[in-house]
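Visitor: What follows is a single structure, and I will ask about it in a moment.
Numbering (our numbering), first residue to last: 14 to 452.
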């Protein structure tokens with residue numbers, strides 16, 4: 014790695030991140046069914062119809078995995094809680110084994126000197142709630158607030174930081190407009206409602222946690238830099254619209270209590286009744302803002318229906334999942350977010366990393382490309398800090414190779430290699446390089 018701790022301000026934190034369904038093993042410990050189980054069981058949705066039933070078996074291997082985090086010299090661990098593990102029906106009876114698991118996780122992190130950074134929801138909606146319309150049902154904001162109270166009444170006293178929902182764009186657009194994630198819809202009315210309701214649920218969860226006396230609460234937003242394919246007015250307008258529904262819709266809702274005009278040109282006929290009255294909840298004040306960043310997209314206009322644009326292949330080097338490597342986008346987002354939305358509010362890079370075709374050879378995984386990726390993006394973090402952006406931490410996605418949603422187990426983002434036949438863990442070259450940089 015081309016950095017050490019000394020290259021960052023005093024108190025800057027380094028962490029790694031995972032999510033519940035991707036690593037825990039959902040077949041264990043009394044967890045209920047989720048819409049991801051259903052989505053994965055439907056032919057054509059997921060590579061080889063793979064699911065999270067076993068995943069990385071983190072539910073049974075938690076202590077060894079936490080040891081890996083501590084041994085890397087990291088400060089923080091960003092994990093998510095599974096709604097269906099805690100409330101198998103989404104509402105009603107509590108699964109005590111689920112609460113006990115997260116209780117042990119919180120204590121295990123503190124025992125190792127690691128800061129627990131919780132995300133309440135990372136995409137695994139309980140199936141009984143999906144049956145009621147899921148994120149298209151306005152009642153989901155209150156269901157989510159009840160889940161928040163249940164889990165955080167148990168572990169909230171030990172959390173360093175907490176955010177309600179990981180990557181609202183994925184919950185709303187990717188899953189309801191593009192159909193690429195559960196529930197797999199391609200429906201603009203469902204999309205408009207889901208994107209609004211996910212922010213309403215975010216606000217209700219923040220209110221609930223404030224009521225429990227919790228502090229250091231934030232929101233986590235995934236961002237993709239929208240690059241117009243050329244310098245024509247049409248391409249610039251298309252890229253601005255992509256930026257609108259991918260990035261600015263959520264930031265503007267939370268921090269400005271409004272939605273971008275160009276997005277509402279498409280969404281307005283499909284919004285839920287009374288949506289304009291929800292912004293005081295959506296805009297409940299936060300203590301920090303999280304940025305998840307991986308890539309940019311090259312946007313071209315087309316003559317089809319709204320949003321009338323295409324993503325086109327770009328010229329830059331790409332990761333294993335075909336995403337262009339564009340570190341400058343992280344700098345752009347950190348500085349723009351501070352300038353236009355959050356001001357002096359602390360910023361955290363809550364996810365950054367790459368999928369790489371990692372192969373275990375003679376007990377070793379050489380992932381030099383990942384080291385280069387992390388170096389180049391951390392250089393942009395340092396540049397943003399030097400230019401006044403209040404960036405306070407950086408989390409690498411991910412600790413482990415894991416269940417990569419519709420891509421199954423093919424794509425590897427981890428610092429630690431997982432053999433999905435034996436579930437053996439092997440720290441990669443990037444893990445050891447990070448360890449040397451931090452300790």
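For every residue, glycine included, the Cβ atom is placed at its ideal position computed from N, Cα and C.
1. Excluding sequence positions up to five away, which residues of its chain have a Cβ less than 8 Å from the Cβ of residue 333?
2. Assuming residue 301 is part of the beta strand (DSSP E), what are its boundary residues?
3. Would you give the residue range spanned by the beta strand (DSSP E) that residue 29 belongs to?
4. Nearest chain B C-beta to residue 87 closer than 7 Å, yes or no?
5. For residue 291, count the other beta carbons within 10 Å of its own beta carbon; 16 or more makes it buried, fewer makes it exposed. Which is it?
6. Between the alpha carbons of residue 51 and residue 399, how many angstroms are there, rounded?
7. Between the segment 172-179 and the segment 222-234, can you find at least three pairs of beta-carbon atoms closer than 8 Å?
8. What are the boundary residues of the beta strand (DSSP E) that residue 232 is part of?
9. Using 8 Å as the Cβ pair cut-off and three pairs as the minimum, do the segment 19-28 and the segment 402-413 touch?
10. So residue 275 and residue 253 are supposed to be a Cβ contact under 8 Å. How far apart are they, rounded?
11. Span of the beta strand (DSSP E) holding residue 133?
12. Answer yes or no: do residue 441 and residue 357 have a C-beta to C-beta separation smaller than 7 Å?
13. Rounded to whole angstroms, what is the Cα-Cα separation between residue 60 and residue 22?
14. Tell me the rounded alpha-carbon separation between residue 376 and residue 386.
15. With distance defined between alpha-carbon atoms, name the residue in 265, 323 and 184 nearest to residue 250.
16. Between the segment 284-299 and the segment 218-227, do at least 3 Cβ pairs fall closer than 8 Å?
17. Give the DSSP bridge partners of residue 89, in chain order.
18. Under a three-way DSSP split, which group does residue 344 fall into?
19. If we count Cβ pairs, one from each stretch, closer than 8 Å, do we get three or more for the segment 117-134 versus the segment 87-107?
20. When you measure from the CB of residue 166 to every non-hydrogen atom of the ligand SAH, does any distance come out below 6 Å?
21. Cα-Cα, which of 162, 56 and 209 is closest to residue 182?
22. Determine the contact status of residue 413 and residue 36, defining contact as a CB-CB distance below 7 Å.
23. According to DSSP, what are the bridge partners of residue 404?
24. Give a yes or no on whether the C-beta atoms belonging to residue 103 and residue 151 are separated by under 7 Å.
25. Quick one: what's got a C-beta closer than 7 Å to residue 402's C-beta in the same chain, skipping five residues either side?
26. By how many angstroms is the C-alpha of residue 308 removed from the C-alpha of residue 213?
27. Which value, in whole angstroms, describes the spacing of the CA atoms of residue 438 and residue 33?
28. Could you name the residues of the same chain whose beta carbon sits closer than 8 Å to that of residue 257, not counting the 5 residues immediately before and after it, in chain order?
29. List the whole-angstrom C-beta distance separating residue 342 from residue 238, where the pair is believed to meet the contact cut-off of C-beta under 8 Å.
30. As a quick exercise: from 266, 240, 363 and 284, pick the residue whose alpha carbon is nearest that of residue 313.
31. State the Cα-Cα distance for the pair residue 271 and residue 261, rounded to the nearest angstrom.
32. Which residue comes first and which comes last in the alpha helix (DSSP H) that contains residue 246?
33. For a minimum of 4 consecutive residues, which ranges assigned as the alpha helix (DSSP H) are wholly contained in the segment 379-423?
34. Determine the direct distance from the alpha carbon of residue 180 to that of residue 327, and round the result to whole angstroms.
35. Got a sec, what are the start and stop residues for the beta strand (DSSP E) residue 177 sits in?
36. Which of the three DSSP states is assigned to residue 365 in this structure?
Guide: Let's see:
1. As a position in the chain shown, residue 333 is number 320, starting the count at 1. Here the set comprises 367, 368, 369, 370, 424 and 425.
2. Reading the chain shown from its first residue, position 288 is the one you call residue 301. From DSSP, the beta strand (DSSP E) with residue 301 extends over 301-314.
3. If you number the chain shown from 1, residue 29 lands on position 16. Here the beta strand (DSSP E) through residue 29 covers 26-30.
4. The structure shown has no chain B; it contains just one protein chain.
5. Mapped onto the chain shown, residue 291 falls at position 278. By the 10 Å Cβ count, residue 291 comes out buried.
6. In the chain shown, the residue the question calls residue 51 occupies position 38. In the chain shown, the residue the question calls residue 399 occupies position 386. Residue 399 has its alpha-carbon roughly 47 Å from the corresponding atom of residue 51.
7. yes
8. The residue you call residue 232 lines up with position 219 of the chain shown. That run of the beta strand (DSSP E) goes 231-241.
9. yes
10. Walking along the chain shown from the start, residue 275 turns up at place 262. Walking along the chain shown from the start, residue 253 turns up at place 240. At roughly 6 Å, the Cβ-Cβ gap stays under 8 Å, so residue 275 and residue 253 are in contact.
11. Numbered from 1 along the chain shown, position 120 holds the residue referred to as residue 133. Run containing residue 133: 128-134, per the beta strand (DSSP E) assignment.
12. Your numbering for residue 441 matches position 428 in the chain shown. Your numbering for residue 357 matches position 344 in the chain shown. By the CB criterion at 7 Å, residue 441 and residue 357 fall outside the cutoff.
13. Translated into positions along the chain shown, residue 60 becomes position 47. Translated into positions along the chain shown, residue 22 becomes position 9. The C-alpha of residue 22 is placed about 43 Å away from the C-alpha of residue 60.
14. For the purposes of this step, residue 376 is identified with residue 363 of the chain shown, where counting begins at 1. For the purposes of this step, residue 386 is identified with residue 373 of the chain shown, where counting begins at 1. Spanning the two alpha carbons is a distance of roughly 23 Å.
15. What you label residue 250 is simply residue 237 of the chain shown in a count that begins at 1. Among 265, 323 and 184, the Cα nearest to that of residue 250 belongs to 323.
16. yes
17. Numbered from 1 along the chain shown, position 76 holds the residue referred to as residue 89. Beta-bridge pairing links residue 89 to 28 and 128.
18. Translated into the one-based positions of the chain shown, residue 344 becomes position 331. Three-state result, residue 344: helix.
19. In short, these stretches touch, since the Cβ pair count reaches three.
20. With respect to the ligand SAH, the structure offers nothing, as it holds no ligand at all.
21. Start at 1 with the first residue of the chain shown, and residue 182 comes out as number 169. It is 209 whose Cα lies nearest to the Cα of residue 182.
22. What you label residue 413 is simply residue 400 of the chain shown in a count that begins at 1. What you label residue 36 is simply residue 23 of the chain shown in a count that begins at 1. Cβ atoms of residue 413 and residue 36: closer than 7 Å.
23. Residue mapping note: residue 404 aligns to position 391 of the chain shown, counting from 1. The partner list for residue 404 (beta bridge, DSSP) reads 360.
24. Along the chain shown, read from residue 1 onward, the residue named residue 103 stands at position 90. Along the chain shown, read from residue 1 onward, the residue named residue 151 stands at position 138. Not in contact: residue 103 and residue 151 (Cβ atoms no closer than 7 Å).
25. What you label residue 402 is simply residue 389 of the chain shown in a count that begins at 1. Result list for residue 402: 347, 348, 351 and 360, in chain order.
26. On the chain shown, residue 213 is found 200 positions in, with the first residue counted as 1. On the chain shown, residue 308 is found 295 positions in, with the first residue counted as 1. Distance between the alpha carbons of residue 213 and residue 308 is about 27 Å.
27. Here residue 438 refers to the residue found at position 425 when the chain shown is read from its first residue. Here residue 33 refers to the residue found at position 20 when the chain shown is read from its first residue. About 18 Å.
28. Residue numbering aside, residue 257 sits at position 244 when the chain shown is read from its first letter. Cβ within range, chain order: 273, 275 and 276.
29. Numbered from its first residue, the chain shown carries residue 342 at position 329. Numbered from its first residue, the chain shown carries residue 238 at position 225. The pair is a contact, with the Cβ atoms about 4 Å apart (cut-off 8 Å).
30. As a first step, residue 313 must be located in the chain shown, where it is residue number 300. Among 266, 240, 363 and 284, the Cα nearest to that of residue 313 is on 240.
31. Stepping through the chain shown from its first residue, residue 271 is reached at position 258. Stepping through the chain shown from its first residue, residue 261 is reached at position 248. Taking the straight line joining both Cα atoms gives about 10 Å.
32. The sequence position of residue 246 within the chain shown is 233, counting from 1. Note, residue 246: alpha helix (DSSP H), 246-256.
33. 381-399
34. Counting from one through the chain shown, the residue named residue 327 turns up at place 314. Counting from one through the chain shown, the residue named residue 180 turns up at place 167. Taking the straight line joining both Cα atoms gives about 24 Å.
35. Counted from its first residue, the chain shown places residue 177 at position 164. Note, residue 177: beta strand (DSSP E), 174-178.
36. Along the chain shown, one-based indexing puts residue 365 at 352. Reduced to three states, the DSSP call for residue 365 is strand.
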